[in-house]
Amino acid sequence: MNSQPTTPTPLSHPRVLTSIAPITASYDVILSDIWGVIHNGREHFAAAVEALARFRANGATVILLTNAPRPSPPVLRQLDGLRVPHDSFDGIVTSGDVTLNFIAEHGLKPLHHIGPPRDIALFDILERDTGVRPPLVPLDQADYVVCTGLFDDAEQPSDYDTRLDLMRQHKMDMICANPDIVVHVGDHEVWCSGALAQRYEQNYGGKVLQAGKPFAPIYERALQLAQAKRDTPIDRRRVLAIGDGIGTDIKGARAQGLDVIFVTSGIHREELHNGQRDPRANPPDEAALAALLRQHEIEPLASMSQLIW
1 MNSQPTTPTP LSHPRVLTSI APITASYDVI LSDIWGVIHN GREHFAAAVE ALARFRANGA
61 TVILLTNAPR PSPPVLRQLD GLRVPHDSFD GIVTSGDVTL NFIAEHGLKP LHHIGPPRDI
121 ALFDILERDT GVRPPLVPLD QADYVVCTGL FDDAEQPSDY DTRLDLMRQH KMDMICANPD
181 IVVHVGDHEV WCSGALAQRY EQNYGGKVLQ AGKPFAPIYE RALQLAQAKR DTPIDRRRVL
241 AIGDGIGTDI KGARAQGLDV IFVTSGIHRE ELHNGQRDPR ANPPDEAALA ALLRQHEIEP
301 LASMSQLIW
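Residue numbers (this note's numbering): 1 to 309.
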């Protein structure tokens, strides 16, 4: 399988699209991020949902690929609550799904969960699907840690230093269910489990197993699902990824040899749309975009302020 992506535009002159329609015939599979591309946690983006539906109407398979730390069923319920129509996608793969695999590999070893109570559904689904439910124990009794986020949206990563230091002392692995550092909920920025994983690695020398983007396991699972849906081998040259995170979506897709569209009005909107009242309706600042891509040494196929047909 040839996994070489289309040659992207130079960093000094990033290509900016106002419509994705002209390039759609080149792709059979779309791997689209969810948060920041098709919704912001409070409402769905009609233009993006329509674009995905039109991809499918033209014969493409659309897999939603998200760093949500929960398995697919709760994410589907969230999409239903945001009125995202089912005709806009064929399947969902979450970092929570990959996390379940990591936990299953640890068997019945006791674990400590760091994250909001809503993410306990992760362990309920593991028990339902495999019959295995590792004991959830206090940190000082655990063999390893599963981190799905911070306990409270108002907390800071530094609030967890005592826990991280204890983990280091006991040489505990951390399974990070969401490598995202931050996410926008409406107009507010919320820390994700990736911030704690980064802090554990960089400040404490801890070992982290990453379940989501930009790491390979979630892409492998998504491409397997796409292949099952299409009932034919997948040519990576005909797979297009779409996302709003340079360090996760764009970096991960490029590492997998995939073309990728960078949606600029998501997590990087302050850098690229500073002062714009409606970033999704306006193009990014070209100089700021070029600078951001150079900083990260990343070359997407093209950028768009929003996913739109």
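We put the beta carbon where it would ideally sit given N, CA and C, even for glycine.
Tell me, to the nearest whole angstrom, how far the beta carbon of L65 is from that of L100; I am working on the premise that it is less than 8 Å. The residue given as residue 65 occupies position 65 in the sequence shown. The residue given as residue 100 occupies position 100 in the sequence shown. L65 to L100, Cβ: 16 Å. No contact.
Does DSSP put K207 in a helix, a strand or coil? Taking the sequence shown and counting its residues from 1, one reaches residue 207 at position 207. Note: K207 maps to strand in three-state DSSP.
For the alpha helix (DSSP H) that contains T99, what are its first and last residues? By one-based count along the sequence shown, residue 99 stands at place 99. From DSSP, the alpha helix (DSSP H) with T99 extends over 95 to 105.
Would you call the stretch 148 to 167 and the stretch 123 to 131 in contact, with 3 or more CB pairs under 8 Å? These segments do not touch.
In angstroms with no decimal places, state the Cα-to-Cα distance between Y204 and G194. Position 204 of the sequence shown, counting from 1, holds the residue named residue 204. Position 194 of the sequence shown, counting from 1, holds the residue named residue 194. The straight-line gap from Cα to Cα measures roughly 15 Å.
If you reduce the DSSP assignment to three classes, tell me which class L76 lands in. Numbered from its first residue, the sequence shown carries residue 76 at position 76. DSSP places L76 in helix when its eight states are reduced to three.
In whole angstroms, what separates the C-alpha of I298 from that of G107? Here residue 298 refers to the residue found at position 298 of the sequence shown. Here residue 107 refers to the residue found at position 107 of the sequence shown. So the two alpha carbons sit approximately 38 Å from each other.
Is the stretch 244 to 252 close to the stretch 277 to 285, with three or more CB pairs under 8 Å? no
On a Cα-Cα basis, can you pick out the residue from D235, C176, A255, A53 that is closest to S26? Sequence index remark: in the sequence shown, residue 26 carries index 26 (1-based). The shortest Cα separation from S26 among D235, C176, A255, A53 belongs to D235.
Among residues of its own chain, excluding the 5 on either side of L139, which ones have a beta-carbon nearer than 8 Å to its beta-carbon? Against the sequence shown, residue 139 aligns to sequence position 139. Excluding residues within five positions, the ones whose Cβ falls inside 8 Å are H112, V145, R163, L166, M167.
Beta-carbon separation of T61 and D87 under 8 Å? Your numbering for residue 61 matches position 61 in the sequence shown. Your numbering for residue 87 matches position 87 in the sequence shown. Their beta carbons are not under 8 Å apart, which means T61 does not touch D87 by this criterion.
Do V132 and A177 have their C-beta atoms within less than 8 Å of each other? Position 132 of the sequence shown holds residue 132. Position 177 of the sequence shown holds residue 177. Against a cut-off of 8 Å, the Cβ pair of A177 and V132 comes out as no contact.
Thinking C-beta only, is V37 closer than 8 Å to L307? Counted from its first residue, the sequence shown places residue 307 at position 307. Counted from its first residue, the sequence shown places residue 37 at position 37. Yes, the pair counts as a contact, with Cβ atoms nearer than the cut-off.
Would you mind sorting R254 into buried or exposed? The rule is 16 or more other CB atoms within 10 Å of its CB. Residue numbering aside, residue 254 sits at position 254 when the sequence shown is read from its first letter. Result: buried.
Taking DSSP as the reference, what is the three-state secondary structure of D173? To locate residue 173, count along the sequence shown from 1; it is residue 173. Correct three-state label for D173: strand.
What span of residues does the alpha helix (DSSP H) with L64 cover, start to end? If you number the sequence shown from 1, residue 64 lands on position 64. Careful: L64 lies outside any alpha helix (DSSP H), inside the beta strand (DSSP E) at 61 to 66.
Around the C-beta of N40, are 16 or more other C-beta atoms found within 10 angstroms, so that it is buried, or is it exposed? Along the sequence shown, one-based indexing puts residue 40 at 40. N40 comes out buried.
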